[in-house]
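If you count by mature numbering (1 follows the signal peptide of the UniProt record, and there is no 0), then the sequence shown holds residues -19 to -1, 1 to 71, one letter each, in order. Yeah, the Cβ is synthetic: ideal placement off N, Cα and C, and Gly gets one too. Remember, it's a predicted structure, so these values are computed and weren't measured experimentally. The structure appears below as structure tokens.
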Amino acid sequence: MKFILILACLVLYLSLTYAQDSCRGSPRNQTCIGGRNEGHRNGRNCRRSAMNEMWYFNRRTRDCLKMRYHGCGGNQNRYCSKRSCRRSCG
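Right, dumping it as structure tokens:
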């Protein structure tokens, strides 16, 4: 019984961890090139893709920094979590 409980907790943890790699506003092909670009909110559906907390890779500081994504436009340098940004960009 304990084994099943531990296994269920492990599966839940892994599911939540990997769910961080995709979120609203995440581009299909992410890249570490391009600076901070929060996009715009001029379109009808922009609000649906907006995220208060996303991450981008800053080439000057060589670190992933937090930004707000407005939901439309922007570049491909946009990640759902700091962890996924660091994993992709180093």
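- Of all the options C13, N23 and Q57, which has the alpha carbon lying nearest to the alpha carbon of R67? In the sequence shown, counting from the first residue as 1, residue 67 sits at position 86. Closest option to R67, Cα to Cα, is C13.
- Figure out for me which residue from R40, E19 and R49 has the closest Cα to the Cα of C70. By 1-based counting over the sequence shown, the position of residue 70 is 89. Answer by Cα proximity: R40.
- Separation of R25 from R64, as counted between CA atoms: Your numbering for residue 64 matches position 83 in the sequence shown. Your numbering for residue 25 matches position 44 in the sequence shown. Straight-line Cα distance between these residues: approximately 31 Å.
- Query: According to DSSP, what are the bridge partners of H21?
  - Reply: Here residue 21 is taken as the residue at index 40 of the sequence shown, counted from 1. BP columns for H21 point to C53.
- Cβ pair C53, G16 closer than 8 Å: Looking up residue 53 in the sequence shown gives position 72. Looking up residue 16 in the sequence shown gives position 35. No; because the gap between Cβ atoms is not below 8 Å, this pair is not in contact.
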